[in-house]
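First up is the structure itself, then whatever we jot down about it.
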Amino acid sequence: MFMRTSEQLEQGEFNFDFITPRRIGLAAVFSIALILISFVSFFVRGLNWGIDFSGGTLVEIGYNQEVNLDKVRHALHQNGYADAVVQYFGSSQDVLIRLGIRDEASKKNLSNDILAVLKKDGSDLSLRRVEFVGPQVGGELIEDGGLALLFTLIGILIYVAFRFEYRFATGAVLALVHDTFITIGVFSLFQIEFDLTVLAALLAVIGYSLNDTIVVFDRIRDNFLKLRKTEPREVMNCSINQTLTRTLMTSFATMLAVLALFFLGGELIHGFSTALVVGIVVGTYSSIYIASTITLKMGISKTDLMPVVKEGAETEQDLP
């Protein structure tokens, strides 16, 4: 397929000048500010760990009519469950009750005690499920989840380094770290519950952002070989413009599905869909500005991407 130059892109295609010193500087300031806010929030406020990680008890209650959450909270608080967190679970007739860690003696009759407390006012309700997670299990899940993210990033670094070049690999991994930190920062800043579904969403965001970045890097590599007289900055700008339609359409289509989960998926996957919404926005931004900019700043040039000429190849071609 014929590759048009940056001058020819002005006719009928996007020709935005993404890679300028001013815009790179603004993107750097914006990203550094977001990462600093995420770090400060993480170390000051921490994450609102779900029961999967912190340990505790989860009780799901089903009512045969709509129920007022304030009424449920008041009943629980008045009967020794002051730490209870009560919320709707999919509908106004389903209630999810989260309790902190309790001793073994308390856990045995916990669900029966809660049912007895909530039935005192004559409400018609039933127990749907009870889940117990110990603090040791929660701690192990936090450690395993962190290792999963770390090993994923290391594996991506190795994969991109073999497929492209180490400067591309560094840019891709730093962009993924950027996306992960900011997504975690949103959960810390707004104290959105962080559970196993959110961890799964983070891994999905890493995969999504990497795929978007590799598409841009593929075009950059091709253009470096075809537009050999063009400056690296112009080659990258040309490549981002050529893949911009694909990037925006993919992000838009994915976002439609994720927003449907966000608004209609219910409480069970609310954290999962929130992480994906944030990750898609940040991942699209980082694919355009962060990954390519870091690679450019590390001094990538067309000579770094030229195929290695085997010794004696030219001599063989000259033979009759």
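Quick note: the sequence shown uses our numbering, first residue 4, plus one each step. Virtual Cβ for every residue (Gly too), placed ideally from N, Cα, C. It should be emphasised that the depicted structure is a prediction, and the values quoted were computed from it without experimental measurement.
Practice prompt. Please say whether Asp97 and Gly65 have beta carbons closer to each other than 8 Å?
Written response: By one-based count along the sequence shown, residue 65 stands at place 62. By one-based count along the sequence shown, residue 97 stands at place 94. Contact: yes.
Worksheet item: Which residues mark the beginning and the end of the beta strand (DSSP E) in which Gly65 is found?
Response: Taking the first residue of the sequence shown as position 1, residue 65 is located at position 62. Its beta strand (DSSP E) spans residues Gly59 to Tyr66.
Discussion item. By the three-class DSSP mapping on this structure, what secondary structure does Tyr84 have?
Written reply: The residue labelled residue 84 in the question sits at position 81 within the sequence shown. Residue state, collapsed to three classes: coil.
Worksheet item: Could you give the residue range of the beta strand (DSSP E) that holds Val70?
Response: Translated into positions along the sequence shown, residue 70 becomes position 67. Looking at the DSSP string, Val70 is not in any beta strand (DSSP E), and its letter there is neither H nor E.
Discussion item. Would you call the region 72-85 in contact with the region 41-58, where contact means no fewer than 3 C-beta pairs closer than 8 Å?
Written reply: no
Discussion item. Assuming the contact rule is C-beta atoms closer than 8 Å, Leu156 and Val180 should be a hit. Round their C-beta distance to whole Å, please.
Written reply: Locating residue 156 in the sequence shown gives position 153, counting from the first residue. Locating residue 180 in the sequence shown gives position 177, counting from the first residue. Correct: roughly 7 Å between the Cβ atoms.
Worksheet item: Per the contact definition of three or more C-beta pairs closer than 8 Å, is the region 171-186 in contact with the region 215-234?
Response: yes
Worksheet entry | Option in Ala30, Ile27, Ile38 and Gly49 with minimal Cα separation from Ile195 | Here residue 195 is taken as the residue at index 192 of the sequence shown, counted from 1. Taking only the C-alpha atoms, the option nearest Ile195 is Gly49.
Fill in: Exposure of Asn226, with buried meaning 16 or more beta-carbon neighbours within 10 Å
Mapped onto the sequence shown, residue 226 falls at position 223. When all chains shown are included, Asn226 counts as buried.
Worksheet item: Since Ile209 is in the alpha helix (DSSP H), which residue starts that stretch and which ends it?
Response: The count along the sequence shown starts at 1 and reaches residue 209 at position 206. Looking at the DSSP string, the run of the alpha helix (DSSP H) that includes Ile209 is Leu199 to Lys229.
Worksheet item: When DSSP labels each residue in this structure, what does Arg26 get in the three-state scheme?
Response: Indexing the sequence shown from 1 puts residue 26 at position 23. Three-state DSSP puts Arg26 in a helix.
Fill in: Straight-line Cα distance separating Thr257 from Leu99
Numbered from 1 along the sequence shown, position 96 holds the residue referred to as residue 99. Numbered from 1 along the sequence shown, position 254 holds the residue referred to as residue 257. Approximately 30 Å, taken between the alpha carbons.
Discussion item. Whole angstroms are fine: how far does the CA of Phe135 sit from the CA of Ser129?
Written reply: Along the sequence shown, read from residue 1 onward, the residue named residue 129 stands at position 126. Along the sequence shown, read from residue 1 onward, the residue named residue 135 stands at position 132. Rounded to the nearest angstrom, the two C-alpha atoms are 18 Å apart.
Practice prompt. Look at Arg170 and Glu63 and say whether their C-beta atoms are less than 8 Å apart.
Written response: Walking along the sequence shown from the start, residue 170 turns up at place 167. Walking along the sequence shown from the start, residue 63 turns up at place 60. No, the Cβ-Cβ distance between Arg170 and Glu63 is not below 8 Å.
Discussion item. Among the candidates Gly302, Phe275, Ile303 and Arg249, whose CA atom is the shortest distance from the CA of Thr287?
Written reply: One-based indexing of the sequence shown puts residue 287 at position 284. The candidate whose alpha carbon is nearest that of Thr287 is Arg249.
Worksheet item: Smallest Cα separation from Lys232: which of Ser304, Ala203, Val89 and Gln90?
Response: What you label residue 232 is simply residue 229 of the sequence shown in a count that begins at 1. Closest by alpha carbon: Ser304.
Worksheet item: What are the start and end residues of each continuous alpha helix (DSSP H) run of 4 or more residues lying completely inside the region 110-158, in chain order?
Response: 113-121
Discussion item. Between Leu228, Ser114, Tyr162 and Phe266, which has its C-alpha nearest Thr306's C-alpha?
Written reply: Mapped onto the sequence shown, residue 306 falls at position 303. Considering only alpha carbons, the answer is Leu228.
Discussion item. With DSSP as the reference, identify every bridge partner of Arg101, one or two as the case may be.
Written reply: The residue you call residue 101 lines up with position 98 of the sequence shown. Arg101 pairs with Leu61 and Val88.
Worksheet entry | Euclidean distance between Cα positions of Thr200 and Glu234 | Numbered from its first residue, the sequence shown carries residue 200 at position 197. Numbered from its first residue, the sequence shown carries residue 234 at position 231. Their backbone Cα atoms lie some 44 Å apart in a straight line.
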